[in-house]
Amino acid sequence: MERKSEDNKNRKPKEDEAEHEHELPLMSLNHVSRLCTSVKDSVEFYTKALGFVLIERPQAFDFDGAWLFNYGIGIHLVQANDEDKLPNNHELDPMDNHISFQCEDMGAMEQKLKDLGIKYMKRTVGGEEDGVIDQLFFNDPDGFMIEICNCENVKLKPVGSINRIKLPFDRHNPPVELDANAAKAS
1 MERKSEDNKN
11 RKPKEDEAEH
21 EHELPLMSLN
31 HVSRLCTSVK
41 DSVEFYTKAL
51 GFVLIERPQA
61 FDFDGAWLFN
71 YGIGIHLVQA
81 NDEDKLPNNH
91 ELDPMDNHIS
101 FQCEDMGAME
111 QKLKDLGIKY
121 MKRTVGGEED
131 GVIDQLFFND
141 PDGFMIEICN
151 CENVKLKPVG
161 SINRIKLPFD
171 RHNPPVELDA
181 NAAKAS
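Read in full-length UniProt numbering, the sequence shown has 13 at position 13, and its numbers run on one by one without any break.
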């Protein structure tokens with residue numbers, strides 16, 4: 001039995017095995033977690049400004065927090081015990097860390113931010129060849145930056161084979177240009 005196991009270690013993987021050797025059993029992004037100075041204020045912000053819904057949180061968690069859900073993703077809010085861990089820069093810089101939400105109606109979202117009195121930065125990037133992206137950047141109550149965009153206007157253009165990429169197919173994902181290798185694999 002030991003010899004057979006050793007033979008398996010030394011043999012070269014077949015071509016179809018090699019394609020799947022780096023696949024992981026991951027499905028999607030589940031949630032992002034945010035520290036906050038006030039769970040109550042953050043829940044109000046994420047429900048009113050972004051339409052998230054407060055959901056039950058397992059009782060096993062013995063610290064102050066809240067779970068929100070919508071658009072296929074969760075936001076887990078955790079009461080900060082150390083405010084030094086929160087962002088200290090509240091400047092709106094598109095090159096800084098942020099989470100981004102794809103939007104079907106940028107005008108409606110901009111009006112929502114105005115109605116709520118949320119300070120935001122608006123910009124447009126791209127051109128006819130690559131597609132135009134409209135962006136809105138703003139901070140949550142603790143300074144974490146959020147982007148709203150219409151990124152579905154830009155096609156994903158892989159720089160290599162994408163035959164290992166798992167994409168749910170729905171109207172919220174941008175179109176993908178499949179390369180020749182991926183098309184053959186399907």
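Just so you know, even glycine gets a beta-carbon here, dropped at the ideal spot from N, CA and C. All values derive from a computational prediction rather than experimental measurement.
Go through its chain and collect everything with a Cβ distance to residue i's Cβ below 6 Å, but skip five positions before and after it.
| i | result |
| --- | --- |
| Ile148 | Phe101, Cys103, Met109 and Leu136 |
| Gly51 | Asn70 |
| Leu77 | Arg34, Cys36, Val39, Ser42, Gly65 and Ala66 |
Near residue i, what residues of its chain come up, given a Cβ to Cβ distance below 7 Å and the 5 sequence neighbours on each side ignored?
| i | result |
| --- | --- |
| residue 203 | No information on residue 203 is available, as it lies outside the stretch 1 to 186 that the chain covers here. |
| Pro58 | none |
| Leu54 | Val43, Thr47, Ala66 and Leu68 |
| Ala80 | Leu35, Cys36, Thr37 and Leu86 |
| Asp134 | Met106, Thr124, Cys149 and Asn150 |
By the three-class DSSP mapping on this structure, what secondary structure does residue i have?
| i | result |
| --- | --- |
| Ala108 | helix |
| Asp62 | coil |
| Thr124 | strand |
| Cys151 | helix |
| Asp134 | strand |
| residue 217 | Absent from the structure is residue 217, since the part of the chain shown begins at 1 and ends at 186. |
| Ser100 | strand |
| Leu29 | coil |
| Leu116 | coil |
| Pro87 | coil |
| Met145 | strand |
Are residue i and residue j close, meaning C-beta to C-beta below 7 Å?
| i | j | result |
| --- | --- | --- |
| Leu116 | Ala66 | no |
| Met106 | Asn150 | yes |
| Asn139 | His98 | no |
| Tyr46 | Leu26 | no |
| Met145 | Asp96 | yes |
| His31 | Gly74 | yes |
| Asp142 | Leu86 | yes |
What does residue i pair with, by DSSP beta-bridge criteria?
| i | result |
| --- | --- |
| Cys36 | Gln79 |
| Asn70 | Ile73 |
| Val53 | Phe69 |
Less than 8 Å between C-beta atoms, sequence neighbours within five positions excluded: which residues of the same chain meet that for residue i?
| i | result |
| --- | --- |
| Gln111 | none |
| Asn88 | Gly143 |
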